[in-house]
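According to the working numbering, the sequence shown is numbered sequentially starting from 4.
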Amino acid sequence: MSGPVLIWGAGAIGGTLGAAFIRAGEEVIFIDNVKEHVDAINEKGLKIVGPIFEDVVKAKAYLPEELEGQYKRTFLCVKAHHTEEAAKALVRHLAPDGYVVSAQNGLNERVIARITGDSRVIGCFVNFGADYFEPGVVQYSGRGAVVIGELDGRFTDRAESIYQLMKSFEPKALITNNIWGFLWGKLIYGALLFGTALTNDSIADVLDNPVARPVLRKLALEVATVAAINNIKPEAFDGFDPAAFGPLATPEQTNKSFEDMVAHNRRSAKSHSGIWRDLAIRKRKTEVDAQVLPVVEIGRESCVPTPLAARVIEMIHEIEDGKRPLDMANIDELARAAA
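Take a look at the structure:
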């Protein structure tokens with residue numbers, strides 16, 4: 004591999020990955036649309052805090068309009084609902100043989116591919132814990148699954164090179180011929196996280212709540228059913244078994260998966276999801292339209308009803324707009340809708 008790694012979006016995911024790549028000897032260039040964050044990185048370096056490693060790494064950082072040149076290895080790490088805008092800006096800096104690795108949440112590879120072309124996108128699944136704290140500071144709070152794969156399932160030299168780079172960040176990283184299975188597995192898990200983010204309780208506490216479990220199981224089942232009807236086999240990761248929320252799952256399988264997820268999240272320094280942090284701390288829009296809405300739309304195209312997913316989208320929007328508080332009562336309301 005040669006040339007710098009371009010990290011477009013230097014927040015929780017991009018900042019953590021970029022810092023690890025720098026520590027592994029790679030040159031990294033950060034792009035971010037928050038001027039204070041860019042200035043802090045240029046003036047003091049990017050500070051990583053948390054239980055995995057702590058360091059201050061030096062790198063160049065730019066606002067999108069300041070970047071010049073073309074780059075081969077690019078990681079897109081922006082929030083899912085900013086993907087289209089970022090990809091349109093990024094594609095101008097993509098070398099003829101360059102490619103974009105979508106280190107995000109959701110099915111953003113589909114959005115990027117419409118702008119760059121299918122052949123210039125590499126699928127990526129990440130599930131580690133991280134948060135943007137303040138300009139120049141990112142917390143890396145917990146290890147999690149990292150998976151690389153070509154969208155068409157082939158094993159290629161470029162995917163192998165990105166896989167080796169990712170292993171410098173997460174030694175247990177994987178390369179797969181079923182990246183869509185991991186991404187849909189994360190969508191099922193993500194639906195559960197959006198459910199937990201309706202409350203102020205921690206991820207583990209909500210998943211451990213016997214009142215919340217039945218409705219969360221029904222919510223996850225909607226996503227799993229859309230995947231199944233589209234011949235996608237969701238993959239397991241980090242104690243989460245998507246099959247436990249599928250159409251053929253037994254109550255015992257589902258309860259075991261809930262217990263495994265509770266144990267995994269209680270070990271993490273990150274008690275709440277990035278969704279909750281967007282709602283409760285940063286007071287900004289979440290990724291609900293980019294993560295959950297595609298499931299509803301694909302479900303509609305596939306004649307699979309997803310009423311709970313649609314209701315979660317509405318409730319999250321109401322919280323974003325200040326019309327609904329974060330409260331366990333929201334889970335009760337969702338349960339009544341499920342009934």
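Heads up, the beta-carbon is just placed ideally off N, CA and C, and yes, glycines get one too.
Small disclaimer: the values here were computed from a predicted structure and weren't measured.
Kindly list the residues whose CB is nearer than 7 Å to the CB of residue i, restricted to its own chain and excluding five residues on each side of it in sequence; keep chain order.
i: PRO7; result: GLU30, VAL31, ILE32 and TYR74
i: THR257; result: ARG220, ALA247 and PHE248
i: ALA162; result: ILE125, ILE151, GLY152, GLU153 and ILE178
i: TYR192; result: PHE243
i: GLY53; result: GLN142, TYR143, SER144 and ALA272
i: THR159; result: GLU153
i: ALA341; result: VAL218, LYS221 and LEU311
i: ALA170; result: Looking at the sequence shown, residue 170 is not Ala but Lys. Counting only Cβ-Cβ distances below 7 Å, and skipping sequence neighbours, we find ALA176.
Could you tell me if residue i is buried or exposed, where buried requires 16 or more neighbouring beta carbons within 10 angstroms of its beta carbon?
i: LEU251; result: exposed
i: ASP204; result: buried
i: SER122; result: exposed
i: ASN180; result: exposed
i: VAL214; result: exposed
i: GLU255; result: exposed
i: ASP1; result: Residue 1 falls outside the range modelled here, since the chain spans only 4 to 342, and no answer is possible.
i: ILE284; result: exposed
i: GLU225; result: buried
i: PHE185; result: buried
i: ARG76; result: buried
i: ALA332; result: exposed
i: GLY277; result: buried
i: PRO245; result: buried
From the DSSP output, which residues share a beta bridge with residue i?
i: LEU133; result: Note on residue identity: the sequence assigns Ala, not Leu, to residue 133. Answer is TYR143, bridged to ALA133.
i: ARG76; result: VAL8 and TYR102
i: LEU97; result: TYR74
i: GLY50; result: Position check: residue 50 holds Lys in this sequence, whereas Gly was assumed. According to DSSP, LYS50 bridges with VAL59 and VAL140.
i: VAL31; result: VAL8
i: GLU3; result: Since the displayed the chain opens at 4 and closes at 342, residue 3 lies outside it and no answer follows.
i: GLU153; result: ILE125
i: PHE240; result: PHE243
i: ALA64; result: PHE33
i: ILE118; result: Paired residues: none, contrary to the question.
i: LEU177; result: VAL150
Can you tell which of the options has its C-alpha closest to the C-alpha of residue i?
i: ILE51; options: PRO67, ALA15, LYS273 and ASN36; result: ALA15
i: PRO217; options: THR253, THR159 and ASP134; result: THR253
i: PRO237; options: SER164, LYS189 and GLU262; result: LYS189
i: PRO138; options: GLY132, ALA230 and ASN36; result: ASN36
i: ALA194; options: ALA293, ASP263 and GLY147; result: ALA293
i: ALA46; options: PHE56, HIS267, LYS61 and ILE34; result: The question names Ala, but residue 46 in the sequence shown is Glu. Residue LYS61 is the option with its Cα nearest to GLU46.
i: ALA64; options: GLU57, ILE34 and ALA27; result: ILE34
i: THR202; options: LEU49, ASN111, TRP187 and LEU282; result: LEU282
i: ALA90; options: GLY12, CYS127 and ASP330; result: GLY12
i: HIS267; options: LEU168, GLY147 and PHE197; result: GLY147
i: VAL295; options: ILE118, TRP187, ARG285 and VAL41; result: TRP187
i: ARG280; options: ILE44, PHE240, GLU88 and LEU329; result: LEU329
i: ARG113; options: LYS82, LEU196, GLU39 and GLU87; result: GLU87
i: PHE56; options: HIS96, GLY132, GLY101 and ASN108; result: GLY132
i: GLY72; options: HIS85, PRO99, LYS82 and ALA83; result: PRO99
i: LEU70; options: ALA230, GLY48, ALA223 and HIS96; result: HIS96
i: ALA92; options: LEU110, GLY109 and LEU66; result: LEU66
i: PRO310; options: VAL229, HIS275 and TRP183; result: VAL229
i: GLY28; options: PHE197, SER274 and LEU168; result: LEU168
i: GLU327; options: GLU290, LYS286, ILE10 and ILE301; result: Just to set this straight, residue 327 is Arg in the shown sequence, not Glu. With distances taken between Cα atoms, ARG327 lies closest to LYS286.
i: ASN212; options: PHE261, LEU9, LYS82 and LEU222; result: PHE261
i: HIS84; options: GLU290, VAL307, ALA341 and LEU222; result: GLU290
i: LEU9; options: LEU49, GLY48 and GLY101; result: GLY101
i: ILE316; options: ALA227, PRO297, SER164 and GLY277; result: PRO297
i: MET318; options: CYS306, GLU336 and GLU304; result: GLU336
i: ARG339; options: ARG314, PHE197 and GLY325; result: ARG314
i: ASN233; options: VAL265, ILE301 and SER274; result: ILE301
i: ALA227; options: GLU321, VAL307, HIS275 and ILE334; result: VAL307
i: LYS38; options: ASP58, PHE197 and GLU68; result: GLU68
i: ASP241; options: MET264, ILE334 and ALA223; result: MET264
i: PHE136; options: LEU49, SER305 and ILE334; result: LEU49
Cutting at 6 Å between CB atoms, please list the residues of its own chain near residue i, excluding the five before and the five after it.
i: GLU323; result: LYS288
i: LYS175; result: none
i: ALA23; result: PHE172
i: TYR166; result: ILE151 and ILE178
i: THR199; result: ILE206 and VAL209
i: ILE182; result: GLY126 and GLY152
i: GLY1; result: With the chain covering 4 to 342 only, the question about residue 1 has no answer from this structure.
i: ARG270; result: none
For residue i, which residues from the same chain have a beta carbon less than 8 Å from its beta carbon, with the 5 sequence-adjacent residues on both sides left out?
i: ALA106; result: ILE16, GLY17, LEU20, PHE78, LEU79, CYS80, CYS127 and VAL129
i: ILE235; result: TRP183, GLY184 and TRP187
What are the uninterrupted segments assigned as alpha helix (DSSP H) that are 4 or more residues long and contained completely in the region 289 to 338, given in chain order? 291 to 294, 296 to 304 and 310 to 323
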